[in-house]
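S.K.:
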Amino acid sequence: MKIVQVMPEFGLAGAERMAESLTLQLKKEGYEVEVVSLYDYHSDITENLERNGVKIHYFGKKKGMDLSMFLKLLKLFRQLRPDVVHTHRYVSQYTMPICILTGVPVRVHTVHSLAEKEKIAKKPQKIFYRCFRLQPVSINEAVKESISRQYNIKTDRIPMVYNGVDIKNYIKKDTYTFKRKFRVVHIGRFTLAKNHIEMIHAFKTLHSKHPETELHLYGTGELKENAVAEINKLGLQAFVILHGVVNNINEIMHKYDMFMLPSIYEGMPITIIEAMASGMPILATNVGGIPNIITDEYNGILVNTDSESIACGLERMYYDAQLRESLGRAALKSAVKYSVQNMTKGYIEIYKG
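Mapping of the sequence shown onto this note's numbering: position 172 corresponds to residue 1015, and the numbering continues sequentially without gaps.
Printed below as a string of structure tokens:
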């Protein structure tokens, strides 16, 4: 079976890391798999894929609608004759006409967020789903329901495959007490969905009572400057540490005392699965697909999206080492469900029909 994964570009975000994990596991299991990146963007993900022998086709896309993508995809699909084209994010507007023209047998699209939040042209996508055998795949129950609502597709026609990570690669947390500083970590792009401003205000509330606290932020994005301005306004420059983008989260997550994801909406965040695989105590908001992963008071704490609710959750975590350990150990047990092997098995079943 010859499989082509298509992504706009491989930044270090959840959808891209999921596609990386799936591609590498497919290759490990003996499938022929190549990757298309519409933009000429290189990252730690592309370096890792190429280091592991995965061929990446960079198409040099320009901003906006780029008609040259159709010709480049046509040439590539005629050359490779793939059995499966698997798309992510907004690329199906380019890939589907070429799949139809070249007769690609299996056409799969993973919906990585709630369908109404997916940055994709909804009317063409609905036509692709209903008339041209594009198979939507949900990553959890909430996303499945959103696909059904958005595109009027029966839920029994929407397969569900949980995102997964290579759990064995994550260093497991071995202590749940903190010594001099209580360090909170968040990983995510600086976008509206990730709710950085409310998170920073919640941390301010905690830090005002407990000065030995730090908030560590990993990621980049279009709203980073807004977050920095808020940090400066609140006088938190020495206590909110910005690390940028790193590629070794599996090696450093366990060093922090808790993980926080106070998003406004989510599909199935890879970062929560990474935190679970590291045995981290998790504080997250009760939105989107998060409650499909986190059971409140068992393997994490769920709160509302406002700073006051987030701050209350932070304070509970700060005071209660026994709670942190209970949540972290339960999260580690839950992580097995979200292994890269289970994810790959689910997609292979879809590819084979």
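Think of the CB as a built atom: it goes at the ideal place given N, C-alpha and C, for glycine as much as any other residue. Predicted model only: the values in this text are computed from it and were never measured.
Can you list, in chain order, the residues of its chain with a C-beta nearer than 6 angstroms to that of D1100? Leave out the 5 residues immediately preceding and following it.
M.R.: The residues are F1021, F1025 and R1026.
S.K.: Could you check whether the region 972–984 touches the region 944–960, counting it as contact only if at least three pairs of C-beta atoms, one from each stretch, sit closer than 8 angstroms?
M.R.: These segments touch.
S.K.: Between which two residues does the alpha helix (DSSP H) carrying M939 extend?
M.R.: From DSSP, the alpha helix (DSSP H) with M939 extends over S935 to T945.
S.K.: Where does Y1099 sit, in a helix, a strand or coil, going by DSSP?
M.R.: In the structure shown, Y1099 sits in coil (DSSP, three-state: anything other than H, G, I, E or B).
S.K.: So, at 6 angstroms on beta carbons, what are the nonlocal neighbours of K962 in its own chain, with the 5 sequence-adjacent residues on each side left out?
M.R.: If we look at K962 and ignore the five residues flanking it on each side, its Cβ neighbours are Y933.
S.K.: Would you mind working out which of Y1013, D1017, A1070 and I1014 sits nearest G1031, comparing C-alpha positions?
M.R.: Ranking the options by Cα distance to G1031, first place goes to A1070.
S.K.: Please say whether I1010 and A1120 have beta carbons closer to each other than 8 angstroms?
M.R.: Yes, they are a contact pair.
S.K.: How is R1023 classed by DSSP in three states: helix, strand or coil?
M.R.: Residue state, collapsed to three classes: coil.
S.K.: For F1102, tell me which candidate among H1086, N1090, F1082 and A1127 has the shortest Cα-Cα distance.
M.R.: It is A1127 whose Cα lies nearest to the Cα of F1102.
S.K.: Which residues does DSSP list as the beta-bridge partners of D1139?
M.R.: DSSP output for D1139 lists G1143 as bridge partner(s).
S.K.: Round the Cβ separation of P1134 and N1038 to the nearest angstrom and send it over; I've been treating them as touching at under 8 angstroms.
M.R.: No, P1134 and N1038 are not in contact; Cβ-Cβ is about 16 angstroms, not under 8 angstroms.
S.K.: So, G896 versus T1114, is the Cβ gap smaller than 8 angstroms?
M.R.: It is not a contact, given that the beta carbons lie outside the stated cut-off.
S.K.: Mapping the DSSP letters down to three states, classify Q848 as helix, strand or coil.
M.R.: Here Q848 sits in strand by DSSP.
S.K.: Helix, strand or coil for I1125? Go by DSSP, reduced to three states.
M.R.: Residue state, collapsed to three classes: strand.
S.K.: Between I1193, G1156, K1052 and T1138, which has its C-alpha nearest S1177's C-alpha?
M.R.: Nearest option by C-alpha distance: T1138.
S.K.: Opposite T953 in the DSSP bridges: which residues?
M.R.: T953 pairs with H931 and V980.
S.K.: Kindly give me the distance between the Cβ atoms of L944 and A985, rounded to whole angstroms, as I take these residues to be in contact under 8 angstroms.
M.R.: With 8 angstroms as the limit, L944 and A985 do not qualify as a contact, their Cβ atoms being about 34 angstroms apart.
S.K.: For H795, I'd like the list of residues in its chain whose CB is within less than 6 angstroms of its CB, leaving aside the five on either flank, ordered along the chain.
M.R.: Because the chain here runs from 844 to 1196, residue 795 falls outside it and cannot be looked at.
S.K.: Drop a sphere of 10 angstroms on the beta-carbon of S911, count the other beta-carbons inside from all chains shown, and report buried for 16 or more, exposed for fewer.
M.R.: Result: exposed.
S.K.: For K1067, I'd like the list of residues in its chain whose CB is within less than 6 angstroms of its CB, leaving aside the five on either flank, ordered along the chain.
M.R.: These residues qualify, in order along the chain: F1033.
S.K.: Answer with buried or exposed for L865, where buried requires no fewer than 16 other C-beta atoms within 10 angstroms of its C-beta.
M.R.: That one is buried.
S.K.: What's the gap between the Cα of Q936 and the Cα of N1129?
M.R.: Cα-Cα distance, rounded: 32 angstroms.
S.K.: Thinking C-beta only, is V947 closer than 8 angstroms to F920?
M.R.: Yes; because the gap between Cβ atoms is below 8 angstroms, this pair is in contact.
S.K.: Are the CB atoms of I941 and Y972 nearer to each other than 8 angstroms?
M.R.: Their beta carbons are not under 8 angstroms apart, which means I941 does not touch Y972 by this criterion.
S.K.: Which parts of the region 1069–1096 are runs of the beta strand (DSSP E), unbroken and 3 residues or longer, counting only runs that do not cross its ends?
M.R.: As far as the region 1069–1096 is concerned, its whole beta strand (DSSP E) runs of at least 3 residues are 1083–1087.
S.K.: By Cβ distance below 7 angstroms, which residues in the same chain neighbour L869 in space, the five residues on each side in sequence not counted?
M.R.: Excluding residues within five positions, the ones whose Cβ falls inside 7 angstroms are I846, V876 and T1187.
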